[in-house]
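Q: This is the structure I have questions about; it appears just below.
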Amino acid sequence: MKVLHIINSLNKGGAETNLYRLLKYDKKDVNKKIFYVLSIAPDGYFSDRIRKLGYQVYTLNIANKYTLIFKIFKII
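If you count by my numbering, then the sequence shown holds residues 49 to 124, one letter each, in order.
Below is the structure:
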């Protein structure tokens, strides 16, 4: 099963910390899941940490709401 986590940013915060813990303590062989992380904002505190765990992290680098329309095509 493939799971895509979409999150606003990967800076320090509650949701980001919980996502990191979920990925860190996931038993990959048992669950047969493949996790991907999509961050709307540029790389943050947890980006490299999640990559070191072996997961793919994609960033859209959306700095403001005006570039959102153009970045939607990148998601697709």
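Ideal Cβ positions, reconstructed from N, Cα and C, are used throughout, including at glycine. Since this is a predicted model, take the numbers as computed values, not measurements.
Which residue wins for smallest C-alpha separation from LYS75, given the options LEU101, ILE110 and ASN109?
A: By 1-based counting over the sequence shown, the position of residue 75 is 27. The option with the nearest alpha carbon to LYS75 is LEU101.
Q: Secondary structure at SER95, three-state DSSP: helix, strand or coil?
A: The sequence position of residue 95 within the sequence shown is 47, counting from 1. Note: SER95 maps to helix in three-state DSSP.
Q: Among residues of its own chain, excluding the 5 on either side of LYS50, which ones have a beta-carbon nearer than 6 Å to its beta-carbon?
A: Position 2 of the sequence shown, counted from the first residue, corresponds to residue 50. Excluding positions up to five away in sequence, the list reads ILE82.
Q: Using 8 Å for Cβ pairs, my map puts ASN59 next to TYR93. What's the rounded Cβ distance?
A: One-based indexing of the sequence shown puts residue 59 at position 11. One-based indexing of the sequence shown puts residue 93 at position 45. That pair is a contact at about 5 Å.
Q: Can you list, in chain order, the residues of its chain with a C-beta nearer than 7 Å to that of LEU52? Leave out the 5 residues immediately preceding and following it.
A: What you label residue 52 is simply residue 4 of the sequence shown in a count that begins at 1. Excluding positions up to five away in sequence, the list reads TYR84 and LEU86.
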